[in-house]
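Some notes on the structure that comes next.
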Amino acid sequence: MSNVHEKRQKLPLGQRARSVPCKRPFVVAVLATVVFYLGLVCFLTCAVVFAISPPEQVRSPAYAMIGMLPVCALLWAIAYFKLRKATCPLCKSTPFLDNLACKHQKSFRVKPFNYGTTAILNVVCCQRWRCMYCGTPFDLLKPKKESGYVAYRDHRGLVEAKK
């Protein structure tokens with residue numbers, strides 16, 4: 029008879045995903061980026077329809093393609109600024125935007141994409157990502173730990189007090 033309460037192997041501390049103190053900037057950034065990607069797909073679809081349509085029916089795809097250019101530019105700007113606001117809780121870098129800084133050896137990417145796009149796709153698929161600069165894994169679904177302090181606002185700003 030097998031033991032029902034078998035001991036589960038705990039992952040080492042470096043491999044366990046951390047919770048995020050404030051999930052909202054990450055969720056908004058990923059949502060804005062996904063909307064931008066959908067707008068980009070719409071623009072590319074209009075371009076393909078424009079390319080394969082007969083010459084006498086070329087006006088409507090052309091108008092749609094011209095109309096999608098400013099929409100895509102606006103969606104890109106919104107997504108870019110939202111991605112800049114989503115910073116890693118540990119190293120304060122932007123885990124969804126690439127720059128020329130050295131990447132952590134534990135960070136990974138899917139080959140046609142960069143590290144930031146891979147992190148966004150990980151959040152969309154499984155609500156987890158790894159910061160490409162400090163290598164720490166994060167989980168959006170993991171509840172944050174209760175600390176011994178309570179934060180509240182008064183006339184002086186943010187104040188922390190023991191429970």
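In the numbering used here, the protein residues as written are 29 to 191.
Cβ atoms here follow ideal geometry from the backbone N, Cα and C, with glycine treated the same way.
With C-beta atoms as the reference, is Pro89 less than 7 angstroms away from Val99? Their beta carbons are not under 7 angstroms apart, which means Pro89 does not touch Val99 by this criterion.
Excluding the 5 residues flanking Thr61 on each side, which residues of the same chain have their C-beta closer than 6 angstroms to its C-beta? Answer for Thr61: Ala107 and Ile148, listed in chain order.
Check the DSSP bridge columns for Ser47 and list the partner residues they point to. Answer by DSSP bridge pairing, in chain order: Asp167.
Helix, strand or coil for Lys173 per DSSP? Note: Lys173 maps to coil in three-state DSSP.
Beta-ladder partner(s) of Arg158, from DSSP: Answer is Pro165, bridged to Arg158.
Note down the Cα distance separating Cys162 from Pro117, rounded to an integer number of angstroms. Going by the C-alpha atoms only, they are around 10 angstroms apart.
Cβ neighbour criterion (16 or more within 10 Å) applied to Pro123: Flag for Pro123 reads buried.
Taking the alpha helix (DSSP H) that Ala105 belongs to, which residues open and close that run? Going by DSSP, Ala105 is part of the alpha helix (DSSP H) stretching over Arg87 to Lys113.
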